[in-house]
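Reading through the structure tokens given below for one structure.
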Amino acid sequence: MALSLCSCAVLLASCRASADTRTGQADGYGGILRVQVMMEDGAISAVNILEQHETDGIGSRALDILPDEMIRMNTWDVDVVTGATTTSNALREAVRVALNASDTMDDNTGNPANRAGQAVCEGIGMAATGRVGPGKDDEDGQVYSFNVVFAHGTFDEDGRIVSMAVDQLEVATPNYSGASMPQFSGFPGQGGYSLWDDNTGKVVGYTEDSEDNYMQEIAAWTSKRARGEDYQLTSGSWREQMDAYQNMMVGMTVDEVETWFGRYFSAENGHPLTENSSSDADRARWEAFSDDDRARAADIVSGATMSLRDAHGDILTAIRRAWEDAQKGE
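To convert, take the position in the sequence shown, counting from 1, and add 4; that gives our numbering.
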């Protein structure tokens, strides 16, 4: 009996040594992407998607294609799927976490993407911009607003982005039409400001000119990321699109991010270039793109379409300042 129990223990130990199951997760385009990775004799035998919120027919293509590639090549570091870069990188990161692999990619895979090593420094940057707008109220009163962008980045020894987290505070005068917009009427003693009412669709007087209202307005301010699903863009929320951009920047230096922006984004409005770009200059740039450039541009818009630098906020400057701040601490 003792020999039998010993034999079972040896067999169980052998099983644990040759096969195990691990999990990992990362931020995808639509939310958390969680995976299960099965290992047998030190090799990847299965990559199962446990949770995903990716766009069907776009990001989902990466989830259909890459697990088999990871098994075949026995690594998380496989080429991304064109047109589904954000989901591809999220899946790669989730599997890398599950494998507890090094942050440094394996050059032997031939992956052309930029590589980021282990974070050695971090910094915080801020960029504030004022705006005359957006628009006017029903009495032709001007709306004013300002945007403050905050960026926190970690960087490797070569200055490549290991992680980037961006949030933004937008505040407008109370005659702006939008219930979720943080508002500022001015300082006490200035008479208040025209107040918009969403129910009637017009200005209904003035905000209260008091210290209490001043304190309450500021206490109610919340960031674009915290506004979540209340801050919807043409495709997805601000938070989802910013997450997509953050994932795209991983592995680039800040100089490379700005070069990437200069090549694939409009100089006029900061949005990614497409064949349907609004200006003649932007359409001319699109027409001059090679097939490879158009594929890269398609990768960008598959994850995000909002501007990185315009009247809504200067995200790139905040990222640049985060890198400058990180260098001070080295």
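Each residue gets a CB set at the ideal place from its N, CA and C atoms; glycine is no exception.
Excluding the 5 residues preceding and the 5 following residue i in the sequence, name in chain order all residues of the same chain whose CB lies nearer than 8 Å to its CB.
{"i": "residue 12", "result": "Here residue 12 scores only 43 on pLDDT, less than 50, and its place in the model should not be relied on; the value that follows carries that caveat. Answer for residue 12: no residue qualifies."}
{"i": "residue 333", "result": "125, 126, 127"}
{"i": "residue 54", "result": "27, 38, 39, 40"}
{"i": "residue 232", "result": "241, 243"}
{"i": "residue 276", "result": "268, 269, 270, 301, 304, 305, 308, 309"}
{"i": "residue 24", "result": "42, 43"}
For residue i, which of the options has the nearest alpha-carbon?
{"i": "residue 165", "options": "251, 189, 236, 95", "result": "251"}
{"i": "residue 3", "options": "84, 88, 298", "result": "No statement about residue 3 is possible, as the shown extent of the chain runs from 5 to 334 and does not include it."}
{"i": "residue 96", "options": "31, 145, 132", "result": "31"}
{"i": "residue 321", "options": "232, 77, 170, 58", "result": "170"}
{"i": "residue 203", "options": "217, 83, 183", "result": "183"}
{"i": "residue 158", "options": "214, 258, 131", "result": "258"}
{"i": "residue 201", "options": "143, 294, 72", "result": "143"}
{"i": "residue 330", "options": "52, 101, 284, 155", "result": "155"}
{"i": "residue 123", "options": "162, 131, 100", "result": "162"}
{"i": "residue 56", "options": "35, 206, 47, 73", "result": "35"}
Are the beta-carbon atoms belonging to residue i and residue j less than 9 Å from one another?
{"i": "residue 306", "j": "residue 90", "result": "yes"}
{"i": "residue 180", "j": "residue 139", "result": "yes"}
{"i": "residue 241", "j": "residue 235", "result": "yes"}
{"i": "residue 153", "j": "residue 304", "result": "no"}
{"i": "residue 292", "j": "residue 86", "result": "no"}
{"i": "residue 75", "j": "residue 49", "result": "yes"}
{"i": "residue 262", "j": "residue 325", "result": "no"}
{"i": "residue 213", "j": "residue 193", "result": "yes"}
{"i": "residue 66", "j": "residue 51", "result": "no"}
Using a Cβ-Cβ cutoff of less than 6 Å, which residues in the same chain neighbour residue i once the five nearest sequence positions on both sides are dropped?
{"i": "residue 310", "result": "237, 245"}
{"i": "residue 33", "result": "58, 63, 90, 91, 248, 307"}
{"i": "residue 173", "result": "152, 227"}
{"i": "residue 135", "result": "149, 315"}
Given that a residue counts as buried once 16 or more other Cβ atoms are within 10 Å of its Cβ, and exposed if not, what is residue i?
{"i": "residue 28", "result": "buried"}
{"i": "residue 313", "result": "buried"}
{"i": "residue 327", "result": "buried"}
{"i": "residue 228", "result": "buried"}
{"i": "residue 224", "result": "exposed"}
{"i": "residue 338", "result": "No statement about residue 338 is possible, as the shown extent of the chain runs from 5 to 334 and does not include it."}
Please report the Cβ distance between residue i and residue j, rounded to the nearest whole angstrom; I am assuming they are in contact, meaning their Cβ atoms lie under 8 Å.
{"i": "residue 188", "j": "residue 175", "result": "5 Å"}
{"i": "residue 2", "j": "residue 104", "result": "Nothing about residue 2 can be read from this structure; the chain reaches only from 5 to 334."}
{"i": "residue 278", "j": "residue 264", "result": "About 16 Å; that fails the 8 Å criterion."}
If you drop the 5 nearest sequence neighbours on each side, which residues of the same chain put their C-beta closer than 7 Å to that of residue i?
{"i": "residue 221", "result": "187, 188, 189"}
{"i": "residue 147", "result": "137, 138, 139, 140, 141, 176, 177, 179, 180"}
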